[in-house]
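First the structure, in the form of structure tokens, and then the observations on it.
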Amino acid sequence: VVSTTPVLEAREVSVHFGGVRAVEGVTLRLEPGLIHGIIGPNGSGKSTLIGAITRLTPLTRGQLLFDGEPYQGIRPSAMAGLGVARTFQTVRLLPDLNVRDNIQLGADAEASAKTRPRPGWYQRLRPSVSPAVADAIRRTGLEGWEDYYPSELSYGTQRRVEIARAISMNPRLLLLDEPTAGMNQSERAEISRLLRDLRDEGLCQLLVEHDVQMMLDTCDYVFAMNFGELIAEGTPADVVQNPLVQEAYLGR
Ligand code: ADP
Ligand code: MG
């Protein structure tokens with residue numbers, strides 16, 4: 004048995020909102036070079052778990068470790084410096100910035116998290132397009148779209164810009180909350196291909212995904228949640244067959 008240090012480990016993590024147990028006692032490990040999935044019905048705690056991992060949502064109980072080191076004391080703005088990037092459930096691009104500048108925001112977030120700059124320093128010091136941005140544009144297949152504005156792009160391409168912005172932080176862990184919601188089949192296939200390419204370059208990912216086919220096509224390892232708790236984990240094929248998972252989807 005080969006044992007590696009997981010990129011991220013959650014130990015008995017709970018997040019309660021008043022009486023609502025949004026996440027309850029979740030323990031999981033995210034391994035290098037794998038795409039991990041989270042499935043579960045609406046309201047089962049998937050987004051709250053991502054919020055807890057990215058420090059936007061305080062833990063009620065439990066421990067979070069990155070590369071084996073506890074990190075739950077650090078600020079959300081420091082997460083980029085740690086190497087954790089995310090995309091949100093809804094598209095969050097700045098409408099007045101073109102594709103290149105939206106992606107540059109990710110690289111700037113990483114730089115500022117690492118160096119604690121005084122305001123305005125990077126306008127003076129950074130090159131006009133940093134290498135991380137050019138690299139993110141290439142890896143997400145966005146060459147040719149750099150000067151377009153978000154409103155001029157298809158939904159699928161907007162999602163790719165968000166992923167490029169996260170990639171430009173040069174992360175070790177990428178968290179994606181329903182990146183293919185609202186996409187057609189060919190846009191989904193395109194995102195699946197992109198995530199698998201990033202996985203093949205070694206990037207650890209955690210993907211919240213509703214579409215069973217997308218999950219089967221994309222993920223190496225899947226966690227299933229219901230009512231805030233993990234109810235199953237394993238290969239995608241095993242998890243969809245799990246009776247508890249079938250009941251969670253059909254039984255309410
Ligand atoms: P999912 O992403 O799986 O659909 P969420 O994590 O968004 O589920 O929500 C899990 C539960 O926590 C739901 O019952 C939701 O209403 C509740 N919840 C989420 N965020 C908050 C919040 N900020 N305040 C109160 N309740 C919340
Ligand atoms: Mg959600």
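Mind the numbering: the sequence shown is residues 4 to 255 in the numbering used here, read in order. Glycine included, every Cβ here is placed at the ideal spot set by N, Cα and C. Here the structure is a predicted model, which is why all the values come from computation and not from measurement.
| Query | Result |
| --- | --- |
| Unbroken alpha helix (DSSP H) run spanning Ser195, endpoints | 188 to 203 |
| Alpha-carbon spacing of Gln188 relative to Val94, whole angstroms | 18 angstroms |
| Pairwise C-alpha distance: Thr238 and Glu181 | 19 angstroms |
| Contact set for Ser154: own chain, Cβ-Cβ below 8 angstroms, skip 5 residues either direction | Pro98 |
| Near the ligand MG: Ser195 beta-carbon under 6 angstroms from a heavy atom | no |
| Where Gly76 falls, given that 16 or more other Cβ within 10 Å makes a residue buried | exposed |
| Thr90 beta carbon less than 7 angstroms from that of Leu11 | no |
| Cβ contact (3+ pairs, closer than 8 angstroms) linking the stretch 130 to 145 and the stretch 38 to 47 | no |
| Coarse secondary structure for Gly21, derived from DSSP in three states | coil |
| Alpha carbon of Val242 to alpha carbon of Val248, nearest angstrom | 7 angstroms |
| Any non-hydrogen atom of the ligand MG closer than 6 angstroms to Ser50 Cβ | yes |
| Unbroken alpha helix (DSSP H) run spanning Met82, endpoints | 82 to 85 |
| Proximity test, Ser47 beta-carbon vs the ligand ADP heavy atom, cut-off 6 angstroms | yes |
| Cβ contact check for the stretch 183 to 199 and the stretch 216 to 224: 3 or more pairs under 8 angstroms | yes |
| Boundaries of the beta strand (DSSP E) in which Ile234 is found, first to last residue | 232 to 237 |
| Reduced DSSP category for Ala88 - H, G, I as helix; E, B as strand; rest coil | strand |
| Residue span of the beta strand (DSSP E) that contains Leu2, given as start and end | Because the chain here runs from 4 to 255, residue 2 falls outside it and cannot be looked at. |
| Sequence-distant residues of its chain with Cβ nearer than 7 angstroms to Gln161 (five each side left out) | Val94, Leu96, Pro153 |
| Minimum C-alpha distance to Pro61 - residue among Arg163, Val18, Pro246 | Val18 |
| Check whether Thr51 and Val26 have beta carbons under 7 angstroms apart | yes |
| Contact under 7 angstroms by Cβ, Gly40 with Cys222 | yes |
| Check whether Gly86 and Ala169 have beta carbons under 7 angstroms apart | no |
| Option nearest Ala80 by Cα separation, candidates Glu212, Leu100, Asp111 | For the record, residue 80 in the displayed sequence is Ser; it is not Ala. Out of Glu212, Leu100, Asp111, Asp111 has the C-alpha closest to the C-alpha of Ser80. |
| Bridge-paired residues (DSSP) for Tyr224 | His39 |
| Beta-bridge pairing of Leu11 - partner residues as DSSP gives them | Leu33, Phe69 |
| Straight-line gap, Thr183 to Glu72 (C-alpha atoms, nearest Å) | 32 angstroms |
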